[in-house]
Every structure is written in structure tokens, then in C-alpha cells.
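The numbers in my numbering rise by one with no breaks, and the one at position 36 of the sequence shown is 121.
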Amino acid sequence: MEEQWKKENMELWNSKEMREAYGRDNYRVTDLKTGTNRCYVFFSSNGLYYPNTVSEFEKVILQENRYDWEHIAESRELQNCADKMIFVRDVYKQWYINGINQCCENVDALIELLSDLTYGYDIVTVGCSSGGYAAVLAGIKLGAKKIYSFSGQFTIENEVDDYYWLTKYRKSPKRAKYYKLFPLLEENRSIPIYYFYPAKCGQDVEQYNTVKSMDHVYEYAFNCSAHADTVKGRDFPEVLTKTDQELRQLHQRYKGRLIDKEAFLLS
Numbered sequence: 086m087e088e089q090w091k092k093e094n095m096e097l098w099n100s101k102e103m104r105e106a107y108g109r110d111n112y113r114v115t116d117l118k119t120g121t122n123r124c125y126v127f128f129s130s131n132g133l134y135y136p137n138t139v140s141e142f143e144k145v146i147l148q149e150n151r152y153d154w155e156h157i158a159e160s161r162e163l164q165n166c167a168d169k170m171i172f173v174r175d176v177y178k179q180w181y182i183n184g185i186n187q188c189c190e191n192v193d194a195l196i197e198l199l200s201d202l203t204y205g206y207d208i209v210t211v212g213c214s215s216g217g218y219a220a221v222l223a224g225i226k227l228g229a230k231k232i233y234s235f236s237g238q239f240t241i242e243n244e245v246d247d248y249y250w251l252t253k254y255r256k257s258p259k260r261a262k263y264y265k266l267f268p269l270l271e272e273n274r275s276i277p278i279y280y281f282y283p284a285k286c287g288q289d290v291e292q293y294n295t296v297k298s299m300d301h302v303y304e305y306a307f308n309c310s311a312h313a314d315t316v317k318g319r320d321f322p323e324v325l326t327k328t329d330q331e332l333r334q335l336h337q338r339y340k341g342r343l344i345d346k347e348a349f350l351l352s
């Protein structure tokens with residue numbers, strides 16, 4: 086099984102389809118001009134396409150041009166709340182270690198690009214899993230007003246041996262410096278991070294335990310066992326448009342309790 090997984094990945098990464106995709110921008114900007122001065126930056130996850138075959142990649146990335154969060158962002162609540170939306174994806178699905186395209190080929194270059202695109206806006210970053218990791222990293226570097234992470238990682242050191250590009254760059258001072266986000270988290274406690282995770286999923290609990298002592302990380306523990314299984318799709322627009330006061334009140338309501346996702350926003 087592992088050899089088959091590696092074979093599929095190498096076939097994809099060496100394909101003309103991947104070269105074509107990496108030559109594209111791999112970000113999309115939507116200007117809504119609502120006057121709110123708020124810019125949402127949505128980061129796609131490693132679940133953007135699956136399986137990791139050339140045919141699936143061609144369909145999802147080259148033909149459908151898919152980004153995570155684009156359907157949720159079509160909601161009236163978000164459309165009325167945002168002045169600008171930016172959607173970002175990592176076609177290699179390696180925690181943005183290769184940036185997003187040929188001109189923006191590492192995390193620092195991605196941050197520089199996003200800094201230009203979000204200049205003058207109140208920034209909100211959003212992501213799930215590897216997208217949540219990127220939302221925390223970019224949100225801190227960009228000085229966001231708030232960060233939403235749904236099952237995002239705060240460290241990817243335990244993923245290194247299982248992912249080719251993470252392994253390749255593990256000794257690179259420029260790229261591996263973000264494998265652990267704790268230094269950034271410690272230095273930037275003024276930005277609230279709203280962290281939603283399934284409390285019966287071992288890998289997510291492990292990630293939460295690394296930041297549970299930080300008072301600027303507000304956790305929402307869901308009574309779920311699958312990675313990234315938290316907020317229901319119907320509830321995302323309301324969650325993503327709540328004020329900090331409302332989010333902290335929600336945090337206090339559920340503190341020390343497991344959340345039933347069906348009733349999350351109903352009580």
C-alpha cells in the first residue's frame with residue numbers, strides 16, 4: 086500500500102499536468118466592494134483532490150479549477166461581510182512547503198504575495214487541516230485580526246517522514262523553520278486563534294495538547310472521532326462572521342464540554 090502511494094505521488098509530481106498547474110497562479114481574488122474593509126484568506130487543505138492520481142488531479146485542478154471554501158464563501162452572510170476574498174491552494178499538498186506556483190515557491194514568498202494582496206485590509210485567515218496550519222502561519226505573519234483553524238496542525242514535524250517534500254527540506258533553514266509554529270505563537274499572543282477540533286481523534290488531540298496552555302487559542306472540542314469533523318457545512322457562514330465577543334462567549338459556553346455538532350449553534 087505504501088509503495089503504491091509513493092508510486093502515485095511520484096507519477097503525479099513528475100507529470101506535465103503538475104508542471105502546468107504549478108505554472109498557474111493558484112490563487113483567486115474576489116473583490117466584493119462592500120465597504121467593510123475585511124479580507125478573508127481561505128487556504129485549501131491536502132484534501133483538495135483525492136486520490137493522488139494524474140487523472141483526478143487533471144479533473145479537479147486543471148479542469149474544475151477547484152479551491153476549498155469557495156462554495157461556503159458564496160453564502161449571503163459572508164458575501165455581505167467581506168470586502169475581498171482570496172482563495173489559495175497548494176497543488177503539491179505538502180503544507181505549502183513549495184509555496185503555490187513557480188514565482189512563489191516557498192512560504193515566505195507566499196506571505197509576501199499575500200501581504201501585497203491584503204494591504205490596508207482587516208485580515209481574517211481560514212483553513213482546515215493543512216489549510217488550518219497555513220491559516221495560523223500566514224495569519225500571524227500578516228498580522229490578521231483573527232484566525233480560524235479547523236483541525237489545523239501547529240507542528241508538522243511528526244509528518245516529515247511520510248511526506249516527500251517535508252523530508253527533502255527537513256534540514257533547510259529557510260523552509261524547515263516553519264515545521265513548528267510555537268515560536269510564532271509565543272511571540273504573537275495578541276491575535277486570537279479559534280481552533281475547532283474533533284476531541285476523539287488522536288492526531289487532533291495531540292495537536293491541541295501542544296497549545297492548550299495558550300490563552301489566545303480558543304478551543305471548541307467536538308464529540309467526533311474523524312479528522313476535520315467539526316462544524317457542519319450549514320454553520321460555517323455564521324461561525325466565520327461572528328464577532329470576537331460572540332466567539333468568546335461561545336467558547337465559554339462549551340468550555341470543558343464536548344460539542345454536539347448538530348446542536349452547536351442552536352442553544
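Backbone N, C-alpha and C define an ideal beta-carbon position, used for all residues, glycine too.
- Out of 349, 181 and 151, state which residue places its alpha-carbon closest to the alpha-carbon of residue 332. Answer by Cα proximity: 349.
- Query: Can you tell me the Cα-Cα spacing of residue 340 and residue 328, whole angstroms?
  - Reply: Cα to Cα, the separation comes out at about 18 Å.
- Message: Taking a contact to mean a Cβ-Cβ separation below 7 Å, would you say residue 248 touches residue 179 in this structure?
- Response: yes
- Where does residue 190 sit, in a helix, a strand or coil, going by DSSP? coil
- Message: Let me confirm a value: residue 188 is counted as buried when at least 16 other C-beta atoms fall within 10 Å, else exposed. Which label applies?
- Response: exposed
- Message: So residue 109 and residue 172 are supposed to be a Cβ contact under 8 Å. How far apart are they, rounded?
- Response: At roughly 13 Å, the Cβ-Cβ gap does not stay under 8 Å, so residue 109 and residue 172 are not in contact.
- When the Cα of residue 148 is compared with those of 185, 102 and 206, which residue comes out closest? 102
- By the 10 Å Cβ neighbour count, where 16 or more other Cβ atoms means buried, how is residue 321 classified, buried or exposed? buried
- Item | contact_flag[the segment 204–213, the segment 252–264] where n(CB pairs < 8 Å) is 3 or more | No: the two stretches stay apart, fewer than three of their Cβ pairs being nearer than 8 Å.
- With distances taken from CA atoms, which of 312, 303 and 278 is nearest residue 289? 312
- Message: Suppose the cutoff is 7 Å on Cβ atoms and the five residues either side in sequence are ignored; what does the same chain contact list for residue 229 look like?
- Response: Contacts found: 208, 209, 210 and 276.
- Message: Using a Cβ distance threshold of 8 Å, determine whether the segment 157–164 contacts the segment 194–207, with at least three qualifying pairs required.
- Response: no
- Query: Can you tell me where the beta strand (DSSP E) with residue 255 in it begins and where it stops?
  - Reply: For residue 255, there is no enclosing beta strand (DSSP E), as DSSP gives it neither H nor E.
- Task: Apply the 10 Å Cβ neighbour rule to residue 315 and answer buried if 16 or more other Cβ atoms are within range, or exposed otherwise.
- Result: buried
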